[in-house]
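Peer 1:
2 protein chains.
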Amino acid sequence: MTQPRTGRPPRADAVRNRLKVLEAAEAVFDARGTTASTEEVARAAGVGIGTVFRHFPTKETLLEAVYVSRLRKLAEEAGALASADDPGVAFFAFFTRVVGHAATKNALSAALTEAGVDVRDAAAETGQGLKQALATLLSRAQEAGAVRGDVGLPEVMTLLVGASQAAERADVEVRDRALNVVFDGLRAHR
Amino acid sequence: MTQPRTGRPPRADAVRNRLKVLEAAEAVFDARGTTASTEEVARAAGVGIGTVFRHFPTKETLLEAVYVSRLRKLAEEAGALASADDPGVAFFAFFTRVVGHAATKNALSAALTEAGVDVRDAAAETGQGLKQALATLLSRAQEAGAVRGDVGLPEVMTLLVGASQAAERADVEVRDRALNVVFDGLRAHR
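The listed protein sequences correspond, in order, to chains R and Z.
If you're matching positions, the first sequence starts at 1 in my numbering and goes up one per residue.
If you're matching positions, the second sequence starts at 1001 in my numbering and goes up one per residue.
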């Protein structure tokens, strides 16, 4: 329903509020899991519950927005790393970053799937960008001799999925040691 | 309820029938997924549906029995490999075997979780045996210099979980190439 507007259009305010809610939601879901309530998000954002619902009519739309925002940030980071000085460092840094984000990402994705939202659909476009950025990082690292030449993007994606899934169940030290094993395997044989 | 027995006790028959149903269930769930019906299992086993229900009163008890049987077989294989001539070959063969089984095992585990059965409970004992067998395989492979000495059982378990999860989504060639990356990482640095 359209509300009667008074004074100047609240466009900038609305955009600012949406972002505020989104950022609060990211922090709250990170810290307290995806079962955290919309009320908690409103409180963390310092807005009324009405403002949350105006931008995100359901918990699912909020979860989805957080999920897509996460993917977009990762894609942006990958894009930035694609022009880094050391392609090997850039590739492994990004791999580590994705795995570090995995626990939250998987929880969000599971919550969405449970709510009946098709995650692939919601995130397909952003995911595509991420995949392309990863392809660039990989081929640059291979050209620089930092990653062996005989692995392709599908293998790297598979390793990334596996590492992300496993990261959820392991403590940080174990995760990092397991990741180093994978990285040693990915390094070029000298 | 106890049925009146006539003639010799049907103990051996019952054991045989239970095994027949269990093996048929494994084959059917493998081929057609865990949504396959109990009727299909009965048909594959060549027994009446009543026989299936006598041994496995619900679909969940059947799924659970298949799951535990899978784990037990893997634990037996690990036990057998623990005295193999080449500890390196034995370790990597077992890792590959677990990952190869993963798709079915994960599907079974997911179906059970969805049905509200606590998989950890159901399989805890067998899982413990498997873990111990893996520890033996690992330390023998490390002593033989086939696996680097600086990885512990938690890392190997984490890599195994990751590889198993990833294997579900990748086609066989990609899975094998990704697995080889992990194996290269696990090999002793020479």
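Glycine included, each C-beta is placed from N, C-alpha and C at the ideal position.
Quick one: Cα of arginine 11 of chain R to Cα of alanine 135 of chain R, how far?
Peer 2: One C-alpha to the other measures close to 38 Å.
Peer 1: Which residue comes first and which comes last in the alpha helix (DSSP H) that contains proline 1057 of chain Z?
Peer 2: First-last for proline 1057 of chain Z: undefined, no H or E at that position.
Peer 1: Using a Cβ-Cβ distance under 7 Å, would valine 1174 of chain Z count as near chain R?
Peer 2: Taking Cβ atoms only, chain R reaches closer than 7 Å to valine 1174 of chain Z, which makes this a yes.
Peer 1: Run through the DSSP bridge pairs and tell me what valine 1147 of chain Z is partnered with.
Peer 2: Bridge partners of valine 1147 of chain Z: Z:Arg1187.
Peer 1: Which whole-angstrom value describes the C-beta separation of valine 151 of chain R and arginine 1177 of chain Z, a residue pair presumed to lie in contact below a C-beta threshold of 8 Å?
Peer 2: That pair is a contact at about 7 Å.
Peer 1: Find the residues of chain Z that neighbour glutamine 165 of chain R, judging by a C-beta separation of less than 9 Å, and give them in chain order.
Peer 2: By Cβ distance, chain Z contributes Val1161, Gly1162, Ser1164, Gln1165 and Ala1166.
Peer 1: Could you tell me if glutamate 1143 of chain Z is buried or exposed, where buried requires 16 or more neighbouring beta carbons within 10 angstroms of its beta carbon?
Peer 2: Label assigned to glutamate 1143 of chain Z: exposed.
Peer 1: How is glycine 254 of chain R classed by DSSP in three states: helix, strand or coil?
Peer 2: Residue coverage of chain R in this structure runs from 1 to 190, which leaves residue 254 of chain R outside it and unanswerable.
Peer 1: How long is the line joining the alpha carbons of valine 182 of chain R and phenylalanine 95 of chain R, rounded to whole angstroms?
Peer 2: Their Cα atoms are separated by approximately 10 Å.
Peer 1: Leucine 1179 of chain Z CB to nearest chain R CB: under 7 Å?
Peer 2: Judged by the 7 Å Cβ criterion, leucine 1179 of chain Z is not in contact with chain R.
Peer 1: Enumerate in chain order the residues of its own chain whose CB-to-CB distance from valine 1021 of chain Z is below 8 Å, with the five nearest sequence positions on each side excluded.
Peer 2: Counting only Cβ-Cβ distances below 8 Å, and skipping sequence neighbours, we find Val1041, Ala1042, Ala1045, Val1047, Thr1051, Val1052, His1055, Phe1056 and Leu1062.
Peer 1: Distance, Cα to Cα, leucine 1074 of chain Z vs phenylalanine 1092 of chain Z?
Peer 2: Each residue's Cα considered, the two are about 14 Å apart.
Peer 1: Can you tell me the Cβ-Cβ gap for valine 147 of chain R and arginine 97 of chain R, rounded? I've got them flagged as a contact below 8 Å.
Peer 2: The pair is not a contact, with the Cβ atoms about 16 Å apart (cut-off 8 Å).
Peer 1: Within the same chain, show all residues whose beta-carbon is closer than 8 Å to that of isoleucine 1049 of chain Z, passing over the 5 residues directly before and after it, in chain order.
Peer 2: Cβ within range, chain order: Thr1038, Glu1039 and Ala1042.
Peer 1: My assumption, with CB atoms under 8 Å, is that threonine 126 of chain R sits in contact with arginine 72 of chain R. Please give the rounded CB distance.
Peer 2: Indeed they touch by this definition, with Cβ atoms about 5 Å apart.
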